[in-house]
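Down below is the structure, laid out as structure tokens.
In our numbering, the protein residues as written are 1 to 737.
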């Protein structure tokens, strides 16, 4: 077995199309036999099964994958939101010639159904009419089993965010235990993780050429099951807690250090480690956060890192945190090595991440002939997720922020993949001319962030050697481009289009980057802020922000000054709407109390707040489960961090964020008394909440109360989210996307 084949960065459209190219482009990918007959198809080469309604739009994963394969000459059908209790629903398109491609949809099925407090949600944004209950829990597993029952000999390929974030053993918040890789639990043949265009194209062409899926072991961005490590490969044994050095302190990305082979019975300080190796024949080599080893017996092209087994991480939360750290270190597609993790007698083998798409490849993916509307079978039914994005344009992928609570980086990668300005402008024109109901407003030009468009490392060589988890924490890397001129030019070109009245920016803004380019902030504030702009400080206290890998509030203050200055110059009254998180790992009562005091000093009354949600694979989830910080030195003797785990404490922290809501006052009074801060209870100017015998009238207790002056101001066009002194209430931020 050689290094994964995509190492050569083969162009996405370099394959000779499959013979079915002669059928041309389908108006919609078929969802029934009748549609297949109309297209002249006797069968589908690939059938995609998804937990979302089928919307033929580049913001919906199955549409992108389907149109991608169609462009390669394959016939693709879609089974959207099948009835998992009806076996015949999985046979409606017949037997696929190559495989079933299965995803839970644009959202993880568990996060889609349950809130952070484990309550069942009342709606599903990816279903017609928002109707809940149209997909099963752990949809990837259920759909895979049903497809296997329908056609036992058809290969099953799983992907999408639910599979991507479960490619190795992962902590499962909903059962409070570590689960096996979803590849094992689903019984699928191969897992594609991340944005999988390269992998799915190579996989499908290989199967079309007569190869078997079990032989496709070298595709980047895939996870497979193996019986053992192939002959000729060296293993780096990382099955125990070892100290690889501070992740964020790599002074020279070119630095190449040989590491002495050392016994795994000690850590870097010579202290004895707990635990034992699972395989006595594995060469013990310490992991270091430097570029690949130069030892002759550790050729980077034939080196794999062995993680602690599923059984070990299931029973030892410290080892789980260690495995999480190693996985995140091996995330740069240009220097990552394969990972292997034993599950019983089988081995999960995770190939390195896919090589990012080039700009012309991105342009092609977004330039397919999407109908940009839901499938006609849904009639006039509204699909909330589509209604939200139908007039928006995705200009980039990826995020180099590395926020520990977020899974975007784990799925899309740290390297920004941007479209050309021409491609984006063409899509805006298509929306203007093609999408029903368009009135002249583009609702968003963005992506995972609004302002990482064309921001990449200044040096390709440095990029290929770097192992930092974030380009902007603890500070902005000196090798990162922070010139927003490409984004500024794009905004100006979009505004100048005939028929475009307004271009809004709704994606979250990375303000620590924005302050590096005042001209961009001026452009944004002057032309693209509709009264208020959402940003995400997440917290005010540095000990919490450090665990989140977020900048301090000094950066927020600098951005706010710039924002206010340019708003005033533009003659506009505009306001910042900040997001905050309660109950993040490491957050204690005093941290939330200080955040609440900051909110009150700045006259914020946030109505919508977020409680930390331990999503699979995130570093903060490893903190939540292990009570340890994978970003810092770990040992079994290390002091554990505080985890707001109990529901009562999570609700209490949320109540601090909503200090103005009378429903939380009893709990807040008890907690403030417990920690000796009774000075914050009462009617004085420094008090946070009123005393029990000083409760205001019921009219003033309502969490949504707006004084007449503020309501009148909002009616006149300014939002009731003013940071201006004297404004009584600030509008809560919109829900995160």
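The beta-carbon is built from N, C-alpha and C at its ideal position, and this holds for glycine as well.
- By the Cβ neighbour-count rule, residue 683 is exposed, with fewer than 16 other Cβ atoms within 10 Å of its own.
- For residue 394, the beta-bridge partners assigned by DSSP are 446.
- Within 10 angstroms of the beta-carbon of residue 642 lie fewer than 16 other beta-carbons, which makes it exposed.
- Beta-bridge annotation (DSSP): residue 55 is paired with 374.
- For residue 355, the closest C-alpha among the options 486, 226, 195 is that of 195.
- Among the bridge pairs identified by DSSP, residue 98 is matched with none.
- Take residue 229, set aside five residues on each side of it, and the residues of its chain with a beta-carbon closer than 7 angstroms to its own are 235, 304, 340, in chain order.
- Per DSSP, residue 154 lies in no beta strand (DSSP E) and is assigned neither H nor E.
- The bridge partners DSSP lists for residue 580 are 538.
- For residue 598, the uninterrupted alpha helix (DSSP H) segment begins and ends at 589-601.
- Contact fails between the stretch 80-87 and the stretch 192-210, because fewer than three Cβ pairs, one in each stretch, are under 8 angstroms apart.
- Runs of alpha helix (DSSP H) with 4 or more residues, each lying fully within the stretch 168-231, are found at 182-186, 197-208, listed in chain order.
- Looking at the DSSP output, residue 235 shares a beta bridge with 304.
- Around the beta carbon of residue 51, 16 or more other beta carbons sit within 10 angstroms, so the residue counts as buried.
- For residue 568, the enclosing alpha helix (DSSP H) covers residues 553-569.
- The Cβ neighbour count for residue 144, taken over all protein chains shown within 10 Å, is at least 16; the residue is labelled buried.
- The stretch 605-658 is shown to contain whole alpha helix (DSSP H) runs of 4 or more residues at 619-626, 647-657, in chain order.
- In the DSSP assignment, residue 575 forms a beta bridge with 532.
- The beta carbons of residue 542 and residue 531 sit no closer together than 8 angstroms.
- Per DSSP, the beta bridge partners of residue 502 are 441.
- Secondary structure of residue 347 (DSSP, three-state): strand.
- Bridge partners of residue 341 according to DSSP: 348.
- Taking each of 177, 80, 119 in turn and checking the Cα distance to residue 621, the smallest one comes out for 177.
- In the three-state DSSP reduction, residue 80 falls in the strand class (E or B).
- Scanning the stretch 25-50 for uninterrupted alpha helix (DSSP H) segments of 4 residues or longer gives 33-39, listed from N- to C-terminal end.
- In this structure, DSSP gives residue 114 an extended state, which the three-state scheme calls strand.
- When rounded, the separation of the alpha-carbon atoms in residue 43 and residue 205 is 17 angstroms.
- In this chain, residue 93 is not harboured by any alpha helix (DSSP H), its DSSP state being neither H nor E.
- Taking the Cα of residue 95 as reference, the smallest distance to any Cα among 583, 109, 75, 107 is reached at 75.
- Comparing alpha-carbon positions, the option among 500, 661, 393, 110 lying closest to residue 445 turns out to be 393.
- In this structure, DSSP gives residue 327 a helical state, which the three-state scheme calls helix.
- Looking only at 359, 499, 367, the smallest Cα-Cα distance to residue 415 is reached by 359.
- According to the DSSP assignment, residue 485 belongs to the alpha helix (DSSP H) that extends over 485-495.
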